[in-house]
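*Asks:* Quick one: this structure, given as structure tokens, is what I'll be asking you about.
Numbering (our numbering), first residue to last: 5 to 75.
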């Protein structure tokens with residue numbers, strides 16, 4: 005289970021999304037490489053997404069694809 009502030013791994017091929025409004029989910033791009041990110045908000049308006057800080061950018065990804073780093 006993720007909590008705010010967790011360090012996570014975002015695998016290559018993950019769809020990076022932006023949320024505009026309450027129900028508008030827009031795919032931005034697909035992650036070209038594996039990268040690290042920090043969980044900003046795990047309880048978003050869409051239960052399947054987690055808000056992360058990745059490469060100086062705040063984006064959303066599916067909770068099921070991120071991997072917690074460490075114990």
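For glycine and all other residues, C-beta sits at the position ideal for the given N, C-alpha and C.
The model shown is predicted, which means the values in this text are computed figures rather than measured ones.
Compute the distance between the beta-carbons of residue 65 and residue 40, then report whether it is under 8 Å.
*Replies:* Translated into positions along the chain shown, residue 65 becomes position 61. Translated into positions along the chain shown, residue 40 becomes position 36. No. Outside cutoff.
*Asks:* What number of angstroms, rounded off, separates the C-alpha of residue 51 from the C-alpha of residue 45?
*Replies:* The residue given as residue 51 occupies position 47 in the chain shown. The residue given as residue 45 occupies position 41 in the chain shown. Distance between the alpha carbons of residue 51 and residue 45: 11 Å.
*Asks:* Evaluate residue 14 with the Cβ neighbour count: other Cβ atoms within 10 Å of its Cβ, from every protein chain shown; 16 or more gives buried, anything less gives exposed.
*Replies:* Along the chain shown, one-based indexing puts residue 14 at 10. Flag for residue 14 reads buried.
*Asks:* For residue 35, count neighbouring C-beta atoms within 10 Å of its own C-beta (all shown protein chains included) and say buried if the count is 16 or more, exposed if not.
*Replies:* Position 31 of the chain shown holds residue 35. Flag for residue 35 reads buried.
*Asks:* Starting from the C-beta of residue 31, find all residues in its chain whose C-beta is less than 6 Å away, skip the five residues before and the five after it, and write them out in chain order.
*Replies:* Here residue 31 refers to the residue found at position 27 of the chain shown. Cβ neighbours of residue 31 beyond the five flanking positions: 19, 21.
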